[in-house]
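If you're matching positions, the sequence shown starts at 558 in the numbering used here and goes up one per residue.
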Amino acid sequence: PLEATDSNGNRVNVVIVDTEGLGALDANTQHDCSIFALALLTSSFFIYNSVGTINESALENLSLVVNLTKYIRTKSASDDSDEDGSSFGSFFPRFLWVVRDFSLQLIDENGSSITSKHYLENALREIRGFSEKVQSKNRVRAMIRAFFEDRDCCPLVRPVEDETLLQSLCSAEDDLLRPEFRAQMHALRERVFSTADAKTLEGTALSGAMLVALSQSYVTAVNGGQV
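What follows is the structure in structure tokens.
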């Protein structure tokens with residue numbers, strides 16, 4: 558594990574888990590929801606990344622949050638009522654939406670500068686209309702707002718100007734990357750490693766062994782359709 562500092566200044570160990578992307582051609586919605594649910598349930602800091610801007614297409618890719626109530630239950634086994642997701646916000650981790658290759662200016666409709674969080678909140682505002690399509694889009698927005706109470710956005714510019722370097726970014730020297738991108742990545746890393754709170758369960762911070770056991774139980778439950 559890596560060492561980091563939580564939001565209270567305490568030293569913590571960090572395990573970074575990179576899951577497969579959503580919407581693969583050889584996967585279905587159930588598969589994506591299982592991966593998404595496991596990532597949410599086992600993490601204290603959830604980083605979701607997409608490319609471009611937070612537009613309707615980007616929000617549509619996150620529409621699987623609507624299905625989380627089918628895969629996650631916070632109610633006791635004796636409670637046979639339908640899960641409505643109303644308490645998910647208290648269980649789900651901090652949510653950071655990283656937008657790669659971001660090219661927009663962070664300004665509002667009046668031309669005034671806004672923060673990246675303000676940009677995210679604007680994207681999550683309800684849109685006007687009463688059609689089924691509009692109601693479906695607003696439901697996704699409402700669920701994201703409700704499920705991720707602690708949320709923010711981190712835009713990153715394109716790492717290089719030269720497109721020929723995009724295929725070899727992993728091996729590219731730092732001085733080939735745009736200064737703005739390097740500064741943003743440094744700020745992102747500092748942000749993650751200075752506010753990496755320990756994973757807790759019912760108020761108790763989990764040790765490494767406890768996190769492994771919890772993850773195993775979640776995997777078993779997901780595979781058995783019992784989360």
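In this text, a Cβ means the ideal position worked out from N, Cα and C, and glycines have one as well.
C-beta contact flag for residue i and residue j at 8 Å
i: residue 681; j: residue 711; result: no
i: residue 645; j: residue 704; result: yes
i: residue 586; j: residue 618; result: no
i: residue 674; j: residue 684; result: no
i: residue 750; j: residue 713; result: no
i: residue 752; j: residue 563; result: yes
i: residue 569; j: residue 755; result: yes
i: residue 733; j: residue 722; result: yes
i: residue 735; j: residue 716; result: yes
Best match in the options for proximity to residue i [C-alpha to C-alpha]
i: residue 772; options: 658, 558, 702 and 600; result: 600
i: residue 774; options: 697, 657 and 598; result: 598
i: residue 575; options: 588, 564, 586 and 595; result: 595
i: residue 671; options: 562, 709, 653 and 648; result: 709
i: residue 577; options: 560, 742, 751 and 606; result: 606
i: residue 571; options: 720, 660 and 764; result: 764
i: residue 648; options: 559, 707 and 567; result: 707
i: residue 654; options: 731, 732, 609 and 725; result: 609
i: residue 663; options: 679, 768 and 740; result: 679
i: residue 741; options: 658, 629, 688 and 689; result: 658
i: residue 558; options: 660, 768 and 719; result: 768
Through-space distance from residue j to residue i, alpha-carbon basis
i: residue 593; j: residue 700; result: 15 Å
i: residue 778; j: residue 770; result: 12 Å
i: residue 762; j: residue 686; result: 44 Å
i: residue 580; j: residue 590; result: 10 Å
i: residue 584; j: residue 697; result: 21 Å
i: residue 668; j: residue 676; result: 13 Å
i: residue 611; j: residue 656; result: 8 Å
i: residue 729; j: residue 665; result: 35 Å
Counterpart residues of residue i in DSSP-defined beta bridges
i: residue 573; result: BP columns for residue 573 are empty, so no partner.
i: residue 709; result: 653
i: residue 608; result: 657
i: residue 568; result: 562
i: residue 757; result: 762
i: residue 603; result: 652
**Q.** Ranges of the alpha helix (DSSP H) found wholly within the segment 653-687, counting only runs of at least 4
**A.** 673-680
Q. In chain order, which continuous runs of the alpha helix (DSSP H) of length 4 or greater are located wholly inside the segment 700-751?
A. 736-751
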